[in-house]
Amino acid sequence: MLKDILFSTAAIRCLLPKALVRHYSLPIALLADLSLPEYTLTFPLRKVPVLFSLHQQHLSEVAAILFYLNSLASNRDNLVPADTTANSYFQVIRWLSFFTSEYVPALALCFKQLDGRLPYNRPQYDDSLSKIAVMSLMLEHHLLLHNGFLVEPNHITMADLFGASCALRGFNFFFDAAWRKDHPITTSWFLNVTSSPILKDDFAAFQFINKAHELAPQ
1 MLKDILFSTA
11 AIRCLLPKAL
21 VRHYSLPIAL
31 LADLSLPEYT
41 LTFPLRKVPV
51 LFSLHQQHLS
61 EVAAILFYLN
71 SLASNRDNLV
81 PADTTANSYF
91 QVIRWLSFFT
101 SEYVPALALC
111 FKQLDGRLPY
121 NRPQYDDSLS
131 KIAVMSLMLE
141 HHLLLHNGFL
151 VEPNHITMAD
161 LFGASCALRG
171 FNFFFDAAWR
181 KDHPITTSWF
191 LNVTSSPILK
201 DDFAAFQFIN
211 KAHELAPQ
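Numbers 1 to 218, taken from the UniProt record's numbering, label the letters of the sequence shown in order.
Next up, the structure:
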């Protein structure tokens, strides 16, 4: 039987959509080949993740894809509140938007300079690190006030899953031992969420860094 296709790569926004497809055994093919006509002719912006559908409109933008995948799961684990008028429903949307539009871009401007995918630009790098520091303090404070979760006390939602998966790049490159000492609640949240059934396989080999990577002068 022909399946819808989730085009995804190693990009951090793709991690959770792929994990949801696998965890819930959804009838969606996972493909990383971005040369296929289903991708090149349908998604001219050349971004991932995107969903090529055989039966309805195609989807781009990770938040829309996450909501769609959640709707397909027979056991949704209450990742998204069922009441679409509830404040918690809007909070999930809020945090998905924050991580994809603010958090990930700031991290990417830094780590892509470290691995050579972006040219050296020290002022841009320092500015992004400053933004990450502000967002990290905001996140730490929010988690402190909400019992260690983004939306609902003692319950992992789609916001937590996506936020923790996005934070991986921070822990890969910048959130070293000193940072973790200053942000213990965020660190605990990250470990708790990434050890949940949906994400645990993707984080099985994860290890903390002792010292943050530094941008070498050029």
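In this text, a Cβ means the ideal position worked out from N, Cα and C, and glycines have one as well.
Note that the coordinates shown come from a computational prediction; the quantities given were computed from them, not determined experimentally.
{"Asked": "Same chain, Cβ closer than 7 Å to residue 220, five either side skipped, listed in chain order", "Found": "The requested residue 220 does not occur in the structure, where the chain is confined to residues 1 to 218."}
{"Asked": "Backbone secondary structure at Ser-74 - three-state DSSP", "Found": "coil"}
{"Asked": "Distance CB(Val-193)-CB(Ile-132) smaller than 7 Å", "Found": "no"}
{"Asked": "Beta-carbon proximity list for Ile-185, same chain, < 7 Å, skipping 5 on both sides", "Found": "Glu-140, Leu-143, Leu-144, Gly-148"}
{"Asked": "Cβ shell of Asn-78 (< 8 Å), same chain only, five flanking positions each side left out", "Found": "His-155, Thr-157"}
{"Asked": "Val-21 - DSSP class collapsed to helix/strand/coil", "Found": "helix"}
{"Asked": "Contact check, Leu-51 vs Leu-6, beta carbons under 7 Å", "Found": "yes"}
{"Asked": "Pairwise C-alpha distance: Phe-190 and Ser-196", "Found": "10 Å"}
{"Asked": "8 Å contact criterion, which Ser-60 and Lys-47 should meet: CB distance rounded", "Found": "7 Å"}
{"Asked": "Inter-stretch contact at 8 Å, needing at least 3 Cβ pairs: the stretch 160 to 177 / the stretch 105 to 120", "Found": "yes"}
{"Asked": "Straight-line Cα distance separating Val-134 from Asp-127", "Found": "11 Å"}
{"Asked": "Sheet register partners of Ser-101 (DSSP bridge)", "Found": "Bridge partners of Ser-101: none, in fact."}
{"Asked": "With 16 other Cβ atoms within 10 Å as the buried cut-off, status of Thr-85", "Found": "exposed"}
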